[in-house]
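For reference, the structure discussed in these notes is given below.
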Amino acid sequence: MVYTDKQIYNHGDHIVITITVQDVTGDNAIMHIRDSYNVTSSPIPIPVSDSNTVWSAPFPFEREVFAEDTYHVDVTYGDLFASTSFQIVDIGNVVVPIWVKQVAYLWANGEVSTSHYIDALENLQNLGIMQTSSDYYEDDPFIPYWLSGITMWWLGGLVSDDEYVTMMQYLADNGIIHGL
Numbered sequence: 005m006v007y008t009d010k011q012i013y014n015h016g017d018h019i020v021i022t023i024t025v026q027d028v029t030g031d032n033a034i035m036h037i038r039d040s041y042n043v044t045s046s047p048i049p050i051p052v053s054d055s056n057t058v059w060s061a062p063f064p065f066e067r068e069v070f071a072e073d074t075y076h077v078d079v080t081y082g083d084l085f086a087s088t089s090f091q092i093v094d095i096g097n098v099v100v101p102i103w104v105k106q107v108a109y110l111w112a113n114g115e116v117s118t119s120h121y122i123d124a125l126e127n128l129q130n131l132g133i134m135q136t137s138s139d140y141y142e143d144d145p146f147i148p149y150w151l152s153g154i155t156m157w158w159l160g161g162l163v164s165d166d167e168y169v170t171m172m173q174y175l176a177d178n179g180i181i182h183g184l
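Under our numbering, the first residue of the sequence shown carries the number 5, and numbering increases by one thereafter.
This is the structure in structure tokens:
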């Protein structure tokens, strides 16, 4: 048997899946997530070491990857097969793609340039996640150093994606961030 922690998810939610088996063989369960068009994810191996195995998605549902749709979780464990379904409903949550967060982390730790982080933020604009009306575009990108601390708070979950994006829009619109 396979269960999800709820039937309806929104962008930004993490799915939790429970796989229940009678006999633990030491093999991995193989999970696929499939959309209503039968487009299937790559296999996701899930180690099964107990009769109830709980797996939590490491990343939230992103709009760019998971459209509003009904999805199916298909799990194979040895000769056993189980499936369940869930829906993703778009309620307009701001969800920053994980790759942008990875670039933000590298920028906050001084491992990539400000212009590289500005490029990632421009992608948020292209995706419609962030809108700026900045007249402060310059050839020399600038983000104040003090913003790296707030960026780390955001990456640590102390600031929401919505709050962070709203702040970045404000700072760009008011000329504190240059290059967007």
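Yeah, the Cβ is synthetic: ideal placement off N, Cα and C, and Gly gets one too.
Requested in this report: With a threshold of 16 other CB atoms inside 10 Å of the CB of I95, please say whether the residue is buried or exposed.
Outcome: exposed
Report task. Could you check the C-alpha separation between I12 and D144 for me, to the nearest Å? Result -> 45 Å
Query raised in the report: Are the beta-carbon atoms of S46 and D73 separated by less than 9 Å?
Result: no
Query raised in the report: In the structure shown, what three-state DSSP assignment does L84 receive?
Result: strand
Requested in this report: Ignore the nearest five residues each way along the sequence and tell me which others in L110's own chain have a CB closer than 6 Å to its CB.
Outcome: V116
Query raised in the report: Sorry if obvious, but does the Cβ on H18 come closer than 8 Å to a heavy atom of the ligand GTP?
Result: Absence of the ligand GTP from the depicted structure is noted, as is the absence of any ligand whatsoever, leaving it without description.
Query raised in the report: Is there contact between the stretch 56-64 and the stretch 19-36, where contact requires at least three CB pairs shorter than 8 Å?
Result: yes
Requested in this report: Measure the Cβ-Cβ separation of I181 and I147 and say whether it is below 9 Å.
Outcome: yes
Query raised in the report: Per the contact definition of three or more C-beta pairs closer than 8 Å, is the stretch 75-82 in contact with the stretch 111-130?
Result: no
**Report entry** Through-space distance from I102 to Y75, alpha-carbon basis
**Finding:** 21 Å
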